[in-house]
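Chemist: In terms of my numbering, the sequence shown opens at residue 46 and continues consecutively.
Glycine included, every Cβ here is placed at the ideal spot set by N, Cα and C.
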Amino acid sequence: MFTEFVVAVPHPSPLASCHLVVAPRRHVAAFYDLDVQEQRMIWDAVAQLCQRIATSIPVEGFDAGFVDSPVGDHPDFHAYVHLIPRIPGQRADLPRDAEWVDLGPQP
């Protein structure tokens, strides 16, 4: 998925089927460096992706993990969001480098 402001690509080492990386096109080190409109576009993209995934495979819900620049202020770091579907019968060990949000069950 690509928009003017957001990119979503498969994770190179997926923890579950359909594990995606969602990132702003604008280079920022932290999610809150984005303006409110850009943050909203990330959330809108995540919501659309959840719907698309839930219509293609059975899911119990989704976890979103926000990854910001580690302490030490790395100028080349680019903030991104993990989107990991919770698939019945599969368990993903969520990486500790992210702040996780349970997006709840999907319709």
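Run the CB neighbour count on I102, radius 10 Å, all protein chains shown included, and call it buried at 16 or more, exposed below.
Modeler: Stepping through the sequence shown from its first residue, residue 102 is reached at position 57. When all chains shown are included, I102 counts as exposed.
Chemist: What are the complete beta strand (DSSP E) segments, minimum 3 residues, inside the stretch 60-125?
Modeler: Listed in chain order, they are 65-69, 106-112.
Chemist: Compare the C-alpha of E144 against each of Q135, L128, V104 and name the closest.
Modeler: Counting from 1 along the sequence shown, the entry for residue 144 is found at position 99. Measuring from the Cα of E144, the nearest candidate turns out to be L128.
Chemist: In chain order, what residues of the same chain lie with their CB nearer than 6 Å to the CB of G149, ignoring the 5 residues before and after it?
Modeler: The residue you call residue 149 lines up with position 104 of the sequence shown. Taken in chain order, the residues that qualify are G106.
Chemist: When burial is assigned at 16 or more other CB atoms within 10 Å of the CB, is P130 buried or exposed?
Modeler: Counted from its first residue, the sequence shown places residue 130 at position 85. Burial call: buried.
Chemist: Report the residue from V66, L94, V51 whose alpha carbon sits nearest the alpha carbon of Q82.
Modeler: Within the sequence shown, numbered from 1, the residue matching residue 82 stands at position 37. Selected option, being the one with the closest Cα: V51.
Chemist: By Cβ distance below 8 Å, which residues in the same chain neighbour L94 in space, the five residues on each side in sequence not counted?
Modeler: Locating residue 94 in the sequence shown gives position 49, where the first residue counts as 1. The residues are M46, A53, L65, V67, L128.
Chemist: Which of helix, strand or coil does DSSP assign to E49?
Modeler: Locating residue 49 in the sequence shown gives position 4, where the first residue counts as 1. Reduced to three states, the DSSP call for E49 is coil.
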